[in-house]
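Since the structure comes first, as structure tokens, the remarks are kept for the end.
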Amino acid sequence: MGVADVLGGLLGKESMARQFFVWNVAGSIVNAGLEPYLTALSSDVNANNPLKPLSPNDLADMVVRGVIEHAEAALTAAKSGVNGADFNLLVTNTGEPPSALDMLQLMRRGKVTRDDVVKAVKQSRIKNEWVDTILELGVEVPTPTDILRATLQGQIGHEEGRALYQKLGGDPEYFQLMFNAEGSAPTPNEAAQMANRGIIPWEGTGPESISFEQAFLEGPWRDKWLAPWRKSAEYFPPPRTITAMYNSGALNKADAADLLARQGLAPALVAAYLSDAAHAKTNKFKELAAGTIGTLYQDQAIGDGEAKTMLMKLKYDGTEADFIILTWQLQREQKFRDTAISTTHTQYINHKISREKASALLDQFHVPSNQRDYLLSVWDQEQTAKVTLLTAAEIKKAVTKLNYDEQWAIDRLIQRGYTQEDAEIYMAI
């Protein structure tokens, strides 16, 4: 008997199977046709009668989040057929503990115990069989980068470093490359100083190379700055040295100006520095010329206007020239006054003029009264102390012409500094 014969028997006219088949087909057709209307009807009924309770799982999550009280949630869960004990289990099973890595970090800090970590792992999605393995992560080990640094700093040997690097997850194929890239090189400024002193060469590349170029490449700088940085390492004398070299003739004006500009001086400052250096060259001649002008002025060979014009040609401004001329005027007046005072002094202490005459002369010379009175008081003492004595010849004439005693003459000569023998000889000749 074939399959067709079997199906023909099952689906005969009066068979139950045929009736079920016909009703199922007819029901599917009816449901398909009525589904939009039934869906709309269901929505209207639910909207008018919102009685469907929240699911127990949602209620348990809301309890954990503090959205609803546990007792109220349990009553609502009961409407879905979940009793209180089962709902408590749902609440207990809802929520996530801190991650295993976070708990391990807290354990290392001493904030939680090992049992707390185990509890958190069991509350997570991690299977319990992995608890002991997870706890191994609680001990931190050095990273491959740490091993590279320890090797670079000489804490461990090169081969030991390679072995530990591989053990801790580093690919041994790249150990040497990563080791060469570890650490810091001297800065370009430091390397340039060493190159300038001949300690290292300027050029050379490679992990074993010790050069300015390699030091630059091992830093964070872009390669395009290598040549400019090397150029900047060339020494330039400071501005004052440049002007001194220009002053001495070691540099001409153009070269000195170029060097000053390379030091960052603005054109106006370059001109000022060179002008100052040029003045230094001729300064002693300028001072000599100013002294000559001063002599001519004090001797009244030139007047104020001529003196000022000459000074301004020496690069003194008008104010400076006026001040210098005023100084010369004071010097000239002081010179004339000192000469007049000296003459009056000589005449007064030698009894050539009276005190009243000396005072009048000092007034004519415009000597201040305080200075005049002081000078006269000093001159009075000089005049009193000054006594004119007979000369040796006059003493001898007094004996021969005025019949003075010869012993008197010898005594006077001894008072003037003669010895007894010299006085007697002088009187005898």
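In this note's numbering, the protein residues as written are 107 to 535.
Don't be surprised by glycine CBs; every beta carbon is placed ideally from N, CA and C.
Can you find at least 3 beta carbon pairs, one from the stretch 315 to 325 and one from the stretch 352 to 360, that sit closer than 8 angstroms? Short answer: they don't touch.
Pick from G260, R214, S205: whose alpha carbon is nearest that of V543? Missing from the structure shown is residue 543; the chain here goes from 107 to 535 and no further.
Distance check for L496 and T398, CA to CA, integer angstroms please. For the purposes of this step, residue 398 is taken as the residue at position 292 of the sequence shown. For the purposes of this step, residue 496 is taken as the residue at position 390 of the sequence shown. Roughly 48 angstroms separates the two Cα atoms.
Give the secondary structure of Q369 by DSSP, where H, G and I count as helix, E and B as strand, and everything else as coil. Indexing the sequence shown from 1 puts residue 369 at position 263. In the three-state DSSP reduction, Q369 falls in the coil class, being neither helix nor strand.
With respect to the alpha helix (DSSP H) encompassing L357, which residues constitute its N-terminal and C-terminal limits? In the sequence shown, counting from the first residue as 1, residue 357 sits at position 251. Taken as a continuous stretch (DSSP letters only), L357 belongs to no alpha helix (DSSP H), as it is neither H nor E.
Mind checking L508: buried by the 16 CB within 10 Å criterion, or exposed? Position 402 of the sequence shown, counting from 1, holds the residue named residue 508. Residue burial annotation: L508 is exposed, with fewer than 16 other C-beta atoms found within 10 angstroms of its C-beta.
With C-beta atoms as the reference, is F318 less than 7 angstroms away from A297? Stepping through the sequence shown from its first residue, residue 318 is reached at position 212. Stepping through the sequence shown from its first residue, residue 297 is reached at position 191. Their beta carbons are under 7 angstroms apart, which means F318 touches A297 by this criterion.
CB H176 to CB V169, shorter than 7 angstroms? For this step, residue 176 is matched to residue 70 along the sequence shown. For this step, residue 169 is matched to residue 63 along the sequence shown. Between H176 and V169, the gap from beta carbon to beta carbon is short of 7 angstroms.
Top-ranked residue by Cα proximity to R461, from T445, H472, R443, Y480: Here residue 461 corresponds to residue number 355 of the sequence shown, with the count starting at 1. Distances from the alpha-carbon of R461 to those of T445, H472, R443, Y480 put Y480 closest.
Mark L417 as exposed unless 16 or more other C-beta atoms lie within 10 angstroms of its C-beta, in which case mark it buried. Here residue 417 is taken as the residue at index 311 of the sequence shown, counted from 1. With a threshold of 16 other beta carbon atoms within 10 Å, L417 meets it and is buried.
Got a sec, what are the start and stop residues for the alpha helix (DSSP H) L508 sits in? Residue mapping note: residue 508 aligns to position 402 of the sequence shown, counting from 1. In the DSSP assignment, L508 falls within the alpha helix (DSSP H) that extends over 498 to 508.
Measure the CB-CB distance between P334 and Q369 and report whether it falls below 7 angstroms. The sequence position of residue 334 within the sequence shown is 228, counting from 1. The sequence position of residue 369 within the sequence shown is 263, counting from 1. No, these two residues do not count as a Cβ contact at 7 angstroms.
Determine whether the beta carbon atoms of A515 and I501 lie at a separation below 7 angstroms. In the sequence shown, the residue the question calls residue 515 occupies position 409. In the sequence shown, the residue the question calls residue 501 occupies position 395. Going by C-beta atoms, A515 is nearer than 7 angstroms to I501.
Is it right to say R518 is buried, meaning 16 or more other beta carbons lie within 10 angstroms of its own, or is it exposed? On the sequence shown, residue 518 is found 412 positions in, with the first residue counted as 1. R518 is buried by the Cβ-count criterion.
Is the beta carbon of I348 sitting closer than 7 angstroms to the one on L371? Indexing the sequence shown from 1 puts residue 348 at position 242. Indexing the sequence shown from 1 puts residue 371 at position 265. It is not a contact, given that the beta carbons lie outside the stated cut-off.
Which residues in the same chain as N476 place their Cβ atom closer than 8 angstroms to its Cβ, once the five residues preceding and following it in sequence are excluded? Walking along the sequence shown from the start, residue 476 turns up at place 370. Taken in chain order, the list of residues that qualify is empty.
Cβ distance (whole Å) where T450 is taken to contact L432 below 8 angstroms: Within the sequence shown, residue 450 is the residue found at index 344, counting from 1. Within the sequence shown, residue 432 is the residue found at index 326, counting from 1. Contact doesn't hold; Cβ gap of about 27 angstroms is too wide.
Quick one: complete beta strand (DSSP E) runs, 3+ long, within the stretch 317 to 352? If we require 3 residues or more, the stretch 317 to 352 turns out to have no beta strand (DSSP E) run fully inside it.
Pick helix, strand or coil for L270, following the three-state DSSP scheme. In the sequence shown, counting from the first residue as 1, residue 270 sits at position 164. DSSP, read as helix, strand or coil, puts L270 in helix.
Need the endpoints of the alpha helix (DSSP H) that Y480 sits in, please. Along the sequence shown, one-based indexing puts residue 480 at 374. Element bounds for Y480: 475 to 491.
Between the C-alpha atoms of L420 and A362, what's the straight-line distance to the nearest angstrom? What you label residue 420 is simply residue 314 of the sequence shown in a count that begins at 1. What you label residue 362 is simply residue 256 of the sequence shown in a count that begins at 1. Going by the C-alpha atoms only, they are around 24 angstroms apart.
How many Å lie between I305 and Q299 at the Cα? Against the sequence shown, residue 305 aligns to sequence position 199. Against the sequence shown, residue 299 aligns to sequence position 193. Roughly 9 angstroms separates the two Cα atoms.
Exposure of P373, with buried meaning 16 or more beta-carbon neighbours within 10 Å: Locating residue 373 in the sequence shown gives position 267, where the first residue counts as 1. Taking a 10 Å sphere around the C-beta of P373, we find fewer than 16 other C-beta atoms and assign the residue as exposed.
Distance check for S354 and M415, CA to CA, integer angstroms please. To locate residue 415, count along the sequence shown from 1; it is residue 309. To locate residue 354, count along the sequence shown from 1; it is residue 248. In the sequence as displayed, the identity of residue 415 is Thr instead of Met. So the alpha carbons of these two residues sit roughly 30 angstroms apart.
Would you kindly check if the distance between the Cβ of G260 and the Cβ of L210 is under 7 angstroms? By one-based count along the sequence shown, residue 210 stands at place 104. By one-based count along the sequence shown, residue 260 stands at place 154. Not a contact, by the Cβ cut-off of 7 angstroms.
Mind reading off the beta-carbon distance from P162 to L196? Whole number of angstroms is fine, and I expect it under 8 angstroms. What you label residue 162 is simply residue 56 of the sequence shown in a count that begins at 1. What you label residue 196 is simply residue 90 of the sequence shown in a count that begins at 1. About 6 angstroms; that satisfies the 8 angstroms criterion.
Residue span of the alpha helix (DSSP H) that contains A301, given as start and end: Locating residue 301 in the sequence shown gives position 195, where the first residue counts as 1. 294 to 302 is the span of the alpha helix (DSSP H), which, as asked, contains A301.
Thinking C-alpha only, which one of A386, V505, A301, G289 is nearest E340? As a working note, residue 340 is residue 234 in the sequence shown. If we check each option's Cα against that of E340, A301 comes out closest.
Taking C-alpha atoms, which residue in A413, D222, T251, E309 lies nearest to V237? Taking the sequence shown and counting its residues from 1, one reaches residue 237 at position 131. Of the listed residues, the one whose Cα sits closest to V237 is D222.
Are the beta-carbon atoms of I531 and W485 separated by less than 7 angstroms? Locating residue 531 in the sequence shown gives position 425, counting from the first residue. Locating residue 485 in the sequence shown gives position 379, counting from the first residue. It is not a contact, given that the beta carbons lie outside the stated cut-off.
By Cβ distance, which residues of its chain are closer than 6 angstroms to V224, with the 5 residues on each side in sequence left out? The residue labelled residue 224 in the question sits at position 118 within the sequence shown. These residues qualify, in order along the chain: V237.
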